[in-house]
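> First the structure, then my questions, so here it is.
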Amino acid sequence: MEEREIVIRLDREAKRIVCRLLRQHVEALKEKAEGQKTFTRLLLAHEMDRTSCVLDQIATQWAQALPSLPAMSALPEPDAPEQ
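Shown next, in the form of structure tokens:
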């Protein structure tokens, strides 16, 4: 399988949206994996790993591009109330 590094230039709001969508994708894959046969679970686990890798790449690139902004885990979800 081909592996590519993803280079993304996002503003803060776009990054939140992309990360939220990727997290939702991982959660949907976890739900699909429940009750599936072993092979299907392995395929879904591989897709979850790939999605997590993309999230990690976004977080790393975000930290390098704008080190003064909070880390990905410190950013609130767009639907969450600001504190």
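Residue numbers for the sequence shown, in our numbering: 103 to 185.
Just so it is clear, CB atoms sit at the ideal spot from N, CA and C, and this is done for glycine as well.
T153 and V120 look like a contact to me (Cβ under 8 angstroms); what is the Cβ gap, rounded to whole Å?
With a Cβ gap of about 11 angstroms, T153 and V120 do not count as contacting.
> Within the 8 angstroms Cβ cut-off, does A147 reach chain B?
The structure shown contains no chain B; it is built from a single protein chain.
> So L146 and A135 are supposed to be a Cβ contact under 8 angstroms. How far apart are they, rounded?
Confirmed, about 4 angstroms.
> For the alpha helix (DSSP H) holding R122, just list the boundary residues, first then last.
From DSSP, the alpha helix (DSSP H) with R122 extends over R114 to A135.
> Please classify K139 as buried or exposed, where buried requires at least 16 other C-beta atoms within 10 Å of its C-beta.
Exposed.
> Quick check on R143: does DSSP put it in helix, strand or coil?
Correct three-state label for R143: helix.
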